[in-house]
Structure formats: structure tokens, C-alpha cells
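Some notes on the structure that comes next.
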Amino acid sequence: MSEIVLRGLRKSFDSVEVIKEFDLTIADGERLVFVGPSGCGKSTLLRMICGIDDISFGRIYIDGVDVTALPAARRGLAMVFQNYALYPHMTVRQNIGFSLRVAGVERTVASERVVEVAQSLHLDHLLERYPRELSGGQRQRVAIGRAIVRQPKAFLFDEPLSNLDAALRAEMRLEVARLHSTYGATMIYVTHDQTEAMTLADRIVVLNQGRIEQIGTPSELYEQPANRFVAEFIGSPRINIVAGRMGPEGMLLMSGADRQLPVAATRDVLAVGIRPEHIRPVETGGHLNCTVRNVEFFGAESFVYADCNMGADIVFRTDGRAPLRPGENCQLLLTLEQMLAFDDGGKTVPLQAVV
Amino acid sequence: MSVFGSPLRRSAALSVVMTAVVAIVFFFPIYFMLVSAFKSEPEIISQRFSFLPLDFQGPGQFQRAAEIAPLGTYLFNSSLVAAINVGVTLLFSALAGYGFAKFTFPGRTALFLFVISTMMIPTQILVVPLFVEIKLLGWVNSYQGLIVPGMMNAFGVFMMRQYVYDIPDEIIEAARADGAGEIRIFFFIVLPLLTPALASLAIIIFIWSWGNFLWPLVAVTREELAVLATGITSYTQPYQRQPMWGAAMAVATIATLPLLVLFVFFQRYLVKGLTAAAVKG
Ligand SMILES: Nc1ncnc2c1ncn2[C@@H]1O[C@H](COP(=O)(O)OP(=O)(O)OP(=O)(O)O)[C@@H](O)[C@H]1O
Ligand SMILES: [Mg+2]
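Protein sequence lines, in the order shown, are assigned to chains A and B.
FYI, in this note's numbering the residues of the first sequence are 1 to 355.
FYI, in this note's numbering the residues of the second sequence are 1001 to 1281.
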């Protein structure tokens, strides 16, 4: 099958360097997800791997073979585009079968494979339709069908579900996961969507301005983010970041808290981060005093936004039945073991409990 | 409210009237040609215009036209020249337009501006240098001389480039990722998506080629190479006889028919765009 290796990849458009010195090894059969803010170079990276965009510097190896100079047609990868890019003048059948036709696969064999793929994507009743006669989700499935029909070495997905509504997206997410377990091919997946990233990935690569911020499993990124950027990027609602520093007694001082927190950092810190699920309201003995500003009710849980006199509001999760109302005062208890601290460069600084 | 109705309705009525006037102005010469082809010679040149032939000739003028000059030859030559000009221009324009729209190469803008700038040179200016050229090639009085200068068309390149721009890059990239080579992409993806534009261009080139008078007049003198546009002068400028307007009008009618048929046949391509559903907005 196929292992993809990127070595010292760079890409510039005119004088602007969009991808900077990129090294990554994608294991055979792995599900790798690229996430990052808009414009950070996710699509560019995918297009370089696919062979659509030229590479300014660096090499790409697929199964140990240097494919840097090979055109897309000869790399054997399949790409699914964000906007589907179906051939508008071809029927679903022709769209899915195009790559087989190009490859000179025998007609009867090809048409059997097309039907097979169409069935697995529940498209078999739409084979004679044109793309303009399909719904968004159906077009998306055709795009995926076009990719899987040729049994590629790897699938490259560029935000394939971003144009779909929430329900359809959840359904297609399962579909993609199922596809992967059926075909087992390497998969590189670009997304904006946290849920997609967390649920589909073996490993997530967090990108920022053409650089890798961190690579890790979803839980690694969530629990041990390498820096503030990753901590803020992974997790929804977003982690609370508050100014903080080491106090004279070697314990953490946090803006808004009325006393020192019994944790210590090995280096000087500038900010501390705490996730919304590591904060809970208590009657007494909390670390923070606050006034509830707003409650977002989601049924099973609620997100509560509270003013703790520290500039930005603190957000935390509670049980959906929690009796908090805007305007109420309450105390918040922080799960100190789960707190994160960042130095002036944004790097994570380990925290230790002080006894 | 005035007696003339609301301003809105008045302006609608006005536009209908103006459209009708313009339509009549444009239609009248065609009508004149058509009825004249069925009138007798004295009736055509008489001072009084009658809307229907007083002395209906039947196919008489057409028969006369065919007797006097090799009408079939003219028709064949016109068709041959137009067909080759249309076919080759379409292919070259689409190829060049695709290249200019979707590929980056050094000097692209300069080259394109150069191509465009040739549109600004009137054909009349080109006639003499072109004639010198075909003379040097030994192509005077030949099909090559008649056809080749019309095979490339800057307007076609310009038009195709605009339409190719509208084809989303992703479709072409998807085809590349699907393993298609550049030639296949051009013929199987780009060309089919250009069909409506190609149809419009085909009509434009056909009309231009079919009606081209100056170049055939200069490039060929032998009657067996004459096209309809030049051949028609056999009826109006004969050396030993009276001009025969009836025959000329009959030939003009024959010459106009293909254009009308073409319009009717290709009309839907002029309005329909195919790329609309390619990419979800
Ligand atoms: N053809 C191009 N010419 C110049 N700059 C480009 C080109 N394509 C992309 N860029 C720039 O490269 C950067 C990365 O673009 P890219 O499309 O890879 O971002 P992305 O991470 O996919 O963003 P999004 O999440 O919005 O899709 C952007 O700053 C973009 O402006
Ligand atoms: Mg993108």
C-alpha cells in the first residue's frame, strides 16, 4: 500500500512563502487530518502532494519512490475537492467512470466497478443524472465515488464536507470513516471542523502559517498541546486563556483569582489556560468569583459565560439542568491538574502541584 | 393618471414600437430580396415597389441563374471555404484560448496583447500584404490561397479565452488527478464545456466567411474557384449583357438560406450555458 513522505517541502507564490520547510511521514493506511486557520496552507499542501501544484523546494516520496517530478496523473492518488469539481457535461456514471476510461480499463470491467461503487455510495439510482440535477450531498458522494473507483494509493480530501448542512455532514463523516475501514487506503483529510478532525483522525497535524505547530493523536493534542496556538485551536468551546504569573511564593498567580493557586511552573509564565469542562460552579471554596452573563442551553449541557473581573468572559460547561441564570453570582472551582500554562513565546510550560 | 396610462406602461409600449420599427428596417431588405427573386426583370427595376410579385416567375429566376453561371460551383466553394475556416478556427481558437486562460508561461500577457492587437488592423489594410504573401507561395488562384488566410482569427482566440476562464480550475485539476493527460483534458473536458461558446463562434465565423467578398475577389480570378459572394457579380456586372437582377436576387436568396437555417438550428446554444452546475456556489 502506501506510505507518503514529505521532505523539506516549500512553496512560494511569487515572493510569498506559503509552506515553510515541511517534513512529515504519513504511514500506510493512516488517517491524517490537517487542521489550521484559513489561509494557513492546507489546500496548498494537499495540492502539492497530489501533484496539481508545483513544489518550490523539497521532495515527495510515495512508497519510497520519489514522485516529486511526476505529474498528478502518474502519482496514483485521488483527490476530492471542496467544491466537488464534477464534470458538468458527464452523467454520474461517466463522472465516476472517467478515470477508468482514461486508464484504459476494459469497458465491461469498468462499468461493473462503477456500478459497484455507486451502490456502496447509494448512488445507483442516479447514474444517468447530470451533476446539476443532484443535491449537494449527492454531488459530494459522486465526488467520493470518483475517487474510490480507481482504488488509489491514497485519498486526499480537501474540506469535502464543508458545503453540507450539519445533519448531512454527520452522515457523510460516518461514510468517510466506513470507506476508510473498507478500503484501508492512506487518507489525508483537510478540515476546518473540529468534530471531523477529532473523529476521523489517527493523527492530527495543526498548521499555522505554513508551519507545523504540532502533530499528535486527537487526545494528545487536546490534553498536551505543545503551545497556546494548538490549545486554542483544538477544543470547542475554546479554552479560556487568562493572564497569569509565578508569585513570590513559587505558586501560580492568576488574574481574577483571589489567592495563589497551589501549582508551580518550572519557568516563568505569561498566561494560563483552562478548558471549559475543567471549571465547575460550587457553593463555596471556589477559586474565582463571578457573575453569570449568559447561558447557552444545548439540552444535555449548557455553556455558561461568566464575568470574573479578568477582562474576557470565562466560559464553562455545566449540566443542562444546572440552575444558573444570567445575573447570578457564583464561585468557580478549577481542576488544577488540568490547567495549562504558557510562557512568553506561547510554549506550554509544565505545571506541578505544590504540596 | 393621464389619458396615456402610467409612465411605466407608456415606456413599455414605446419599446415595443421601437423594436417593431427596428425589426421592420432589418427585415425589409431580406423581404425585398425574397420577393424580387420571384418577380420579372421589368417589375424589379420599376419605380413602384409591389409587396407581392405581379407577374409571378416561379423557379424561373433560379433556373436562369444556374444557366448563366456555375451556381453549383459557387455554392460548393463557399461551403468548402466556410467549413474549413469554421472547423480550423474553432480548433485553433479553443486551443489558444485554453492556453492563454489556464496556463502560465513567460510572455503570456505580451503574446496575448499581440494577438488582440491584430484585431484592430482593418482587413482592407491586410489585403495587399496577404496577396503578396500568397503570390510568393504560388497560391494565387488556389484553394489554399482562398482558405488559409481565414483559418486563424484573433477574435476567436479572445472569445474562447474568456469562456475558458469560466471553467473552474478544479475541474481541470480533477481530470489531471483522475489520470488524464493534457490532450485528453482538452478534448474530453474543455472542448465539451465550450460547446455553447463554440457554437456561437461557429456562427460568427461562418457568417464572416460566407459573406467575405474582398479576399476571394483578390485571391482568385478563375471562375471555378469563385464563391457565392464574388460569383454574384456575374449577374450584375456582365460584360456583354444587361444586368440580371432577378437572377442575382435568386442567388442571394440561396446564399442567405444556410445562414437562416444555421440560426434556427444553433439558437439554443447561443443562450444556454453549460458550466452553471459545475461548482456549487
Ligand atoms: N495561486 C495562488 N497565488 C497566490 N497565493 C496563493 C495562491 N493559492 C494560495 N495562495 C495563498 O497561499 C496561502 C495558503 O492558501 P491555501 O488555499 O492553502 O489555504 P487553506 O489553508 O486551504 O485555507 P482555507 O482553509 O481557507 O481553505 C493563502 O495565504 C493564499 O492566499
Ligand atoms: Mg483550502
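Ideal Cβ positions, reconstructed from N, Cα and C, are used throughout, including at glycine.
For clarity, every value in this text was computed on a predicted model and none was experimentally measured.
Chain C contact residues for residue i, given Cβ-Cβ distances below 7 Å
i, result
"Y87/A", "Going by chain labels, chain C is absent from the structure shown, which instead holds the protein chains A and B."
Cβ of residue i within 7 Å of any chain A Cβ
i, result
"A1202/B", "no"
"D1178/B", "yes"
"L1193/B", "yes"
"F1266/B", "no"
"A1101/B", "no"
"A1174/B", "yes"
"V1279/B", "Residue placement at V1279/B is poorly supported in this model, since its pLDDT is 35, which falls under 50; the coordinates still yield a value, given next. Yes, because at least one Cβ of chain A sits closer than 7 Å to the Cβ of V1279/B."
Heavy atom of ligand 2 within 6 Å of residue i beta-carbon
i, result
"K42/A", "yes"
Separation of residue j from residue i, as counted between CA atoms
i, j, result
"R129/A", "M48/A", "32 Å"
"L126/A", "R146/A", "14 Å"
"L333/A", "A271/A", "18 Å"
"I188/A", "S135/A", "25 Å"
"R359/A", "I26/A", "This structure cannot speak to residue 359/A, because chain A is shown only from 1 to 355."
"M1152/B", "L1259/B", "21 Å"
"A110/A", "R101/A", "7 Å"
"A1276/B", "P152/A", "Note that A1276/B scores a pLDDT of 33, beneath 50, so its modelled location is shaky and nothing firm can be said."
"M1018/B", "L1201/B", "29 Å"
"W1208/B", "E1133/B", "22 Å"
"Q1061/B", "P1243/B", "13 Å"
"V1128/B", "G76/A", "55 Å"
"P262/A", "L340/A", "13 Å"
"E30/A", "P218/A", "14 Å"
"M79/A", "T108/A", "25 Å"
"I52/A", "L1193/B", "21 Å"
"D202/A", "V230/A", "17 Å"
"G244/A", "I274/A", "12 Å"
"S162/A", "V176/A", "14 Å"
"P131/A", "P88/A", "6 Å"
"L164/A", "G137/A", "7 Å"
"V1279/B", "R141/A", "Note that V1279/B scores a pLDDT of 35, beneath 50, so its modelled location is shaky; the value from the coordinates is reported in the next line. Each residue's Cα considered, the two are about 14 Å apart."
"K1102/B", "E1170/B", "11 Å"
"L1198/B", "S1234/B", "35 Å"
"F34/A", "T199/A", "13 Å"
"A197/A", "D268/A", "33 Å"
Whole-Å CB distance - residue i paired with residue j, under 8 Å assumed
i, j, result
"H192/A", "E159/A", "6 Å"
"R1161/B", "F1100/B", "5 Å"
"V397/A", "V149/A", "Residue 397/A is absent from the structure shown; chain A starts at 1 and stops at 355."
"Q331/A", "G286/A", "3 Å"
"L207/A", "C40/A", "5 Å"
"M1249/B", "S1046/B", "At roughly 14 Å, the Cβ-Cβ gap does not stay under 8 Å, so M1249/B and S1046/B are not in contact."
"P281/A", "N240/A", "14 Å between Cβ atoms; not a contact."
"A1078/B", "L1228/B", "Checking the sequence, you will find Ser at residue 1078/B rather than Ala. That pair is a contact at about 4 Å."
"A143/A", "F81/A", "7 Å"
"V292/A", "R321/A", "Not a contact, Cβ separation roughly 15 Å."
"G64/A", "F22/A", "Actually they are not in contact, since the Cβ atoms of G64/A and F22/A sit about 19 Å apart, beyond 8 Å."
"S1093/B", "V1157/B", "5 Å"
Residue i CB to nearest heavy atom of ligand 1 below 6 Å
i, result
"G230/A", "The sequence given here places Val at residue 230/A; Gly does not occur at that position. No, the beta carbon of V230/A sits no closer than 6 Å to any heavy atom of ligand 1."
"G247/A", "no"
"S12/A", "no"
"G51/A", "no"
"G356/A", "The structure shown has nothing for residue 356/A, since chain A only spans 1 to 355."
"G39/A", "yes"
"V117/A", "no"
"G18/A", "It is worth fixing the name first, because residue 18/A is Val in this sequence and not Gly. Yes, Cβ of V18/A sits closer than 6 Å to a heavy atom of ligand 1."
Any C-beta of chain B under 7 Å from that of residue i
i, result
"V109/A", "no"
"L336/A", "no"
"I52/A", "yes"
"V102/A", "yes"
"M79/A", "yes"
"F34/A", "no"
"F155/A", "no"
"F98/A", "yes"
"A185/A", "no"
"A72/A", "yes"
Practice task
Please specify which runs of the beta strand (DSSP E), each continuous and at least 3 residues long, are wholly inside the region 200-242 of chain A, giving them in chain order.
Solution key: 203-208, 211-216
Practice task
Could I get the ranges of all uninterrupted alpha helix (DSSP H) runs contained in the region 1108-1168 of chain B, with 4 residues as the minimum, in chain order?
Solution key: 1108-1117, 1123-1136, 1143-1147, 1154-1165
Handout entry: Unbroken stretches of the alpha helix (DSSP H), 4 residues or longer, contained in the region 109-195 of chain A
Key = 136-148, 166-183
Practice task
Scan the region 1194-1272 of chain B and note each continuous alpha helix (DSSP H) run of 4 residues or more that stays entirely inside, going in chain order.
Solution key: 1195-1211, 1214-1219, 1228-1231, 1233-1236, 1245-1271
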